[in-house]
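Per the working numbering, the very first residue in the sequence shown carries number 138; after that it's consecutive.
For reference, the structure discussed in these notes is given below.
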Amino acid sequence: MDHPQRPPAIELHHPQPITSHPITAPLVPVQPGTTPAVQSIVLPDGQVITGYTLTPAPAPAPAETRPAVSRTAVNIAFGGIGFGAVCGGLVLLTSFIAALSVLVQQLIILAAVIFGGWIAVQVLGHRPTSAGTTVNIRKAVIKRNHFHS
């Protein structure tokens with residue numbers, strides 16, 4: 138029976154922090170006002186490290202200062218507060234208009250009932266006897282198909 142092979146052992150390497158103070162290397166003297174294209178550093182153990190000089194990155198332009206809250210947001214908030222304050226008055230105004238329209242409607246109905254009643258009395262009411270002529274047919278004499286009173 139074959140035994141499966143074990144994978145090779147994995148070696149882990151943990152970095153060790155440097156606890157001593159970093160060694161500062163002396164710089165090679167350079168003429169003031171001139172920067173060489175290549176710069177050399179001599180380490181304390183005598184090694185010389187040469188490299189290109191880096192031009193410093195330009196400083197970022199200062200950011201434009203803006204208020205913490207935009208003016209538009211403040212205007213919208215004030216508009217909302219004003220609208221909320223007016224809403225109560227708008228509700229009262231609509232209630233007043235509704236009540237006024239009901240009152241006008243009832244006045245129109247009342248006027249129609251009163252005017253209609255007056256017209257009904259004029260048309261169907263009792264008339265006084267002195268206003269018209271009464272003809273008594275029994276006493277009338279009929280001659281040649283004509284009434285003579």
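Using N, Cα and C, we set each Cβ at its ideal position, and we do this for glycine too.
Inset, instruction - Could you name each continuous beta strand (DSSP E) segment of 3 residues or more that falls completely within the region 181–253, going from the start of the chain to the end? - result: The region 181–253 contains these whole beta strand (DSSP E) runs: 185–189.
Inset, instruction - Report yes if the CB atom of T187 is closer than 8 Å to the CB atom of V175, and no otherwise. - result: Here residue 187 refers to the residue found at position 50 of the sequence shown. Here residue 175 refers to the residue found at position 38 of the sequence shown. In contact: T187 and V175 (Cβ atoms closer than 8 Å).
Legend entry - N-terminal and C-terminal residue of the beta strand (DSSP E) that I178 is part of: Locating residue 178 in the sequence shown gives position 41, counting from the first residue. Note, I178: beta strand (DSSP E), 175–179.
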